[in-house]
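**Student:** Going line by line, the protein sequences match chains D and C.
Under UniProt numbering, read the first sequence as residues 1 to 386, first letter to last.
Under UniProt numbering, read the second sequence as residues 1 to 386, first letter to last.
C-beta atoms are modelled at their ideal positions from N, C-alpha and C, and glycine is treated no differently.
There are 2 protein chains.
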Amino acid sequence: MKVLVLGGDGFCGWPASLHLSARGDEVIIVDNFSRRRIDEELGVQSLTPIRTMVERRAAWQEVSGRAISVVELDVAHDYHGLLALLREECPDAIIHYAEQRAAPYSMKSGKHKRYTIDNNVNATHNVLCAIVESGHDIHLVHLGTMGVYGYGTAGMAIPEGYLGIQVPTDDGLVETEILYPTNPGSVYHMTKVLDQTMFAYYAKNDELRITDLHQGIIWGTNTIQTKLDERLINRFDYDGDYGTVLNRFLMQAAVGYPLTVHGTGGQTRAFIHIQDMVRCIEIALNNPPAAGDKVKIFNQMTETHRVRDLAALVAELTGAEVEMVPEPGDDYGSGIYVGLKVRHAKFGVGTIRKIEGKGDDQKAIVWFASCGPKKLLLRFAGLERA
Amino acid sequence: MKVLVLGGDGFCGWPASLHLSARGDEVIIVDNFSRRRIDEELGVQSLTPIRTMVERRAAWQEVSGRAISVVELDVAHDYHGLLALLREECPDAIIHYAEQRAAPYSMKSGKHKRYTIDNNVNATHNVLCAIVESGHDIHLVHLGTMGVYGYGTAGMAIPEGYLGIQVPTDDGLVETEILYPTNPGSVYHMTKVLDQTMFAYYAKNDELRITDLHQGIIWGTNTIQTKLDERLINRFDYDGDYGTVLNRFLMQAAVGYPLTVHGTGGQTRAFIHIQDMVRCIEIALNNPPAAGDKVKIFNQMTETHRVRDLAALVAELTGAEVEMVPEPGDDYGSGIYVGLKVRHAKFGVGTIRKIEGKGDDQKAIVWFASCGPKKLLLRFAGLERA
């Protein structure tokens, strides 16, 4: 099939493009090379040397005998370029990675928040709008994140897509199905919530065929294809913005630093290897929803780890030490931290959202299921772990 | 108090500005005058002659002895202008009307969809981001719409803000509260869903104080203040994009045309007079949430009418005739229309989302609570009203 890979120069887009090209798809990469510019902005670079797109394409042609086309285009701001491309190429599917994808980067400043909102929302909406306007029946596959549900859902089954609920009506309770409620923890995560709202609308209103893959943290660097030639190598980011937790542990171990675990390290995260991620993309492409179907939403993960267990694993393999770093303000009581589920005598069960101040003045904002957020002075609140 | 009225030149913003100025608030209107440009684009104008902002301000000064400041600024695209204004003026509150507000306009073409998304999402996010970056404790009051919940909720109590639900967890069902699930029917309505997602995030993450008023259809033209001088008169729109149903009935009656009711006219809509709308704004300003509170969400409405009853009311008052116009494709069975709740032998209760084709080929997409959307050939589907 013919596939457009939006953001095909990035950490996920590049190996996905090669994987699909290798299986015989006609692949067209669309990218504005923003990821390379952000490296320059942050003064960092991938540990693995990333070649120019010209070199990457030439290497792939040499190794595989297959050609990948590349179109330089800003999906978020060049709508007419995108629409013309869809009309000309009539792709069977679009894989949409053309979003700013780092939560810490999205929170650096007002400028970074606004860039993330403007880029991600307009990119997604332009793609949806262009598919409708092109008149072609194109399957859209989007990379979302399980992080849209928040990370305070300890004890809950990991949410996936939809939730059946009962809504009170004049005739009693009615069963209905909704998008699983979200609780984004960063502007980046919020854009993925906005995305799924737009997907639901366009699937319903325009009968677009959409698959939304909610990925866990993608680890690893290479896939079968990127290992074929060093010019094809994929990114390994380890900076504070784009480096995920495992990469940072590995770098700390490699340079002889202790592995830093913040708070209790009890935060559980879902992981998937990049080779499995590209396989998930292939499965999604092979199993599109029908026109008129609701958005297909699937989690993409193979394992979950608590952060401190991951550190212990890396320490065992490398001989590095693990250093537990208290969260700022984490000094009242023992082990009070953001995300902890607690029980209050009056308000019932809630989740700690924010901790402020120190010592006797330390307060926590706790979100209670019964009554929403409450700010409590910790020394009088009598909170117990729930 | 000092209040910034974003979109203060528009149908709601102008009377709200005068109302607040009259009660002694220091009012600063911020507007890019987009509503006037859209009149030119559509080749229509308000039935009531709208003066320039210079004339409006002078008239208000003359009549009331009070000054209103005006800043020409595009909230969606001039972030630094907005931030500088907040830093300089330190307002107590911001009323945010700076959005494209017509559902039909938002659906005219890809260009109009994209304009509505880009303008409304960036305007709202810029306001939120600028409040955080200004460091001031500013209460944000936003005009939303009850239409975010969709109009297929016949039989349900009109939703307002939040819904308590039960979520399955490893320990059994847990009670929690979510934003009431939405079902937007246009790109305009969808932007209001995106807005409330951003409000929830910024209220939780940055403890912004936010009130979101979900308005019904606002009817009427004038308030106490706009009646004081004909140069202060408010808009009366009756075109197909910005004219709401009541205004169009009134115009049809005035020019001797029959009042056109589409489908069965059984669609129920909520209404509020513009004088009550500005009073709601005042109540909201006087009762801000505390920092750390969840977003205050209130419906603003005083009455509900079925469209055909509204037509009958106008007909009775004016002597006009009512003409029932079948919906396109509404010719199979009797009274099958979008929004109707139906029962299917196998799938249970669902709501008709779309009707296609004619006669024996007529199909409906029905969204069933049990299994999502199904496309059914009506002559074999055996649907009954639920």
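For a contact meaning CB atoms closer than 9 Å, what does residue 278(D) contact in chain C?
**Tutor:** Going along chain C, no residue has its Cβ under 9 Å from residue 278(D), so there is no contact; the nearest lies around 28 Å.
**Student:** Starting from residue 168(D) and walking both ways along the beta strand (DSSP E), at which residues does that stretch end?
**Tutor:** 162-169 is the span of the beta strand (DSSP E), which, as asked, contains residue 168(D).
**Student:** Below 7 Å on C-beta distance, what does residue 397(C) contact in chain D?
**Tutor:** The first residue shown for chain C is 1 and the last is 386, placing residue 397(C) beyond what the model contains.
**Student:** Inspect the beta-carbon positions of residue 299(C) and residue 185(C) and report whether they are closer than 9 Å.
**Tutor:** For residue 299(C) and residue 185(C), no; Cβs fall outside 9 Å.
**Student:** Could you check how far apart the C-beta atoms of residue 96(C) and residue 141(C) are, in whole angstroms? I think they sit under 8 Å.
**Tutor:** Rounded, the Cβ-Cβ distance is 7 Å, consistent with contact.
**Student:** Report the residue ranges of all alpha helix (DSSP H) runs contained in full by the stretch 351-386 of chain C; include only those spanning at least 4 residues, in chain order.
**Tutor:** Fully enclosed alpha helix (DSSP H) runs of 4 or longer: 378-381.
**Student:** Mind checking who residue 219(D) pairs with in its DSSP beta bridge?
**Tutor:** Looking at the DSSP assignment, residue 219(D) forms a beta bridge with 273(D).
**Student:** Run down chain C in chain order and give the residues with a C-beta less than 7 Å from the C-beta of residue 184(D).
**Tutor:** Ordered by position in chain C, the residues that pass the 7 Å Cβ test against residue 184(D) are 201.
**Student:** Select from 276(D), 164(D), 171(D) and 168(D) the residue whose C-alpha is nearest the C-alpha of residue 178(D).
**Tutor:** For the residues 276(D), 164(D), 171(D) and 168(D), the minimum Cα distance to residue 178(D) belongs to 164(D).
**Student:** Less than 8 Å separating the Cβ of residue 214(D) from some heavy atom of the ligand GTP?
**Tutor:** Summarising the ligand content, the structure contains no ligands, and the ligand GTP is consequently not present.
**Student:** In chain order, what residues of the same chain lie with their CB nearer than 6 Å to the CB of residue 338(D), ignoring the 5 residues before and after it?
**Tutor:** Same-chain partners within the cutoff: 352.
**Student:** The alpha helix (DSSP H) spanning residue 323(C) covers which residue range?
**Tutor:** Segment 322-325 is the beta strand (DSSP E) holding residue 323(C); no alpha helix (DSSP H) there.
**Student:** Could you have a look at residue 299(D) and say whether DSSP puts it in helix, strand or coil?
**Tutor:** Residue state, collapsed to three classes: strand.
**Student:** As a quick exercise: from 91(C), 100(C) and 210(C), pick the residue whose alpha carbon is nearest that of residue 128(C).
**Tutor:** Ranking the options by Cα distance to residue 128(C), first place goes to 210(C).
**Student:** How would you list, in chain order, the residues of chain D whose beta-carbon sits under 8 Å from the beta-carbon of residue 165(C)?
**Tutor:** The answer, in chain order, is 163, 165, 166 and 181.
**Student:** Over the uninterrupted beta strand (DSSP E) stretch that includes residue 237(C), give me the two end residues.
**Tutor:** Where residue 237(C) is concerned, there is no enclosing beta strand (DSSP E), given that its DSSP letter is neither H nor E.
**Student:** Applying the criterion that 16 or more other CB atoms from any shown protein chain within 10 Å of the CB defines a buried residue, is residue 69(D) buried or exposed?
**Tutor:** So residue 69(D) ends up on the exposed side.
**Student:** List the endpoints of the continuous alpha helix (DSSP H) containing residue 189(D).
**Tutor:** Element bounds for residue 189(D): 187-205.
**Student:** In its own chain, which residues sit with a C-beta less than 6 Å from the C-beta of residue 265(C), not counting the 5 before and 5 after it?
**Tutor:** Taken in chain order, the residues that qualify are 307 and 308.
**Student:** Buried or exposed for residue 361(C), please, with buried defined as at least 16 other CB atoms from any protein chain shown within 10 angstroms of its CB.
**Tutor:** Result: exposed.
**Student:** Which chain A residues sit within Cβ distance under 7 Å of residue 353(C)?
**Tutor:** The structure shown contains no chain A; its protein chains are D and C.
**Student:** May I ask you to list the residues that DSSP assigns as paired with residue 94(D)?
**Tutor:** According to DSSP, which records beta bridges pairwise, residue 94(D) is partnered with 4(D) and 140(D).
**Student:** Does DSSP put residue 19(D) in a helix, a strand or coil?
**Tutor:** Of the three classes helix, strand and coil, the one that applies to residue 19(D) here is helix, per DSSP.
**Student:** Select from 50(C), 346(C) and 85(C) the residue whose C-alpha is nearest the C-alpha of residue 3(C).
**Tutor:** The shortest Cα separation from residue 3(C) among 50(C), 346(C) and 85(C) belongs to 85(C).
**Student:** Can the beta-carbon of residue 272(D) be found less than 9 Å from the beta-carbon of residue 226(D)?
**Tutor:** No. Outside cutoff.
**Student:** Output the residue ranges of the beta strand (DSSP E) runs that lie fully inside the stretch 16-78 of chain C and measure 3 residues or longer, sorted by chain position.
**Tutor:** Counting whole runs of 3 or more residues, the stretch 16-78 of chain C contains the beta strand (DSSP E) stretches 26-31 and 69-72.
**Student:** Step through the CB atoms of chain D and report whether any lies within less than 9 Å of the CB of residue 118(C).
**Tutor:** Closer than 9 Å to some Cβ of chain D, the Cβ of residue 118(C) qualifies, so yes.
**Student:** Let me know the secondary structure DSSP gives residue 175(D) once reduced to three states.
**Tutor:** In the structure shown, residue 175(D) sits in a strand (DSSP, three-state: E or B).
**Student:** Can we say the stretch 8-25 of chain C touches the stretch 360-380 of chain D, given the rule of at least three CB pairs closer than 8 Å?
**Tutor:** The stretch 8-25 of chain C is not in contact with the stretch 360-380 of chain D.
**Student:** Which one of 120(D), 117(D), 253(D) and 212(D) has the shortest CA to CA distance from residue 280(D)?
**Tutor:** Considering only alpha carbons, the answer is 212(D).
**Student:** Just the chain C side, please: which residues come within less than 8 Å of residue 373(D) by C-beta, in chain order?
**Tutor:** Neighbours of residue 373(D) on chain C, chain order: 204, 292, 293 and 294.
**Student:** Helix, strand or coil, according to DSSP, for residue 210(D) in the structure here?
**Tutor:** The answer is strand: DSSP assigns residue 210(D) an E or B state.
**Student:** Looking at C-beta atoms only, is the number of pairs between the stretch 233-249 of chain C and the stretch 63-83 of chain C that lie closer than 8 Å three or more?
**Tutor:** Result no; under three Cβ-Cβ pairs closer than 8 Å.
**Student:** Under a three-way DSSP split, which group does residue 343(C) fall into?
**Tutor:** Correct three-state label for residue 343(C): strand.
**Student:** State yes or no: is the beta carbon of residue 178(C) nearer than 9 Å to at least one beta carbon in chain D?
**Tutor:** Yes, residue 178(C) lies at the interface with chain D (some Cβ there is under 9 Å from its Cβ).
**Student:** Report back the beta-carbon spacing between residue 176(C) and residue 193(C) to the nearest angstrom; my notes put them in contact at under 8 Å.
**Tutor:** With a Cβ gap of about 20 Å, residue 176(C) and residue 193(C) do not count as contacting.
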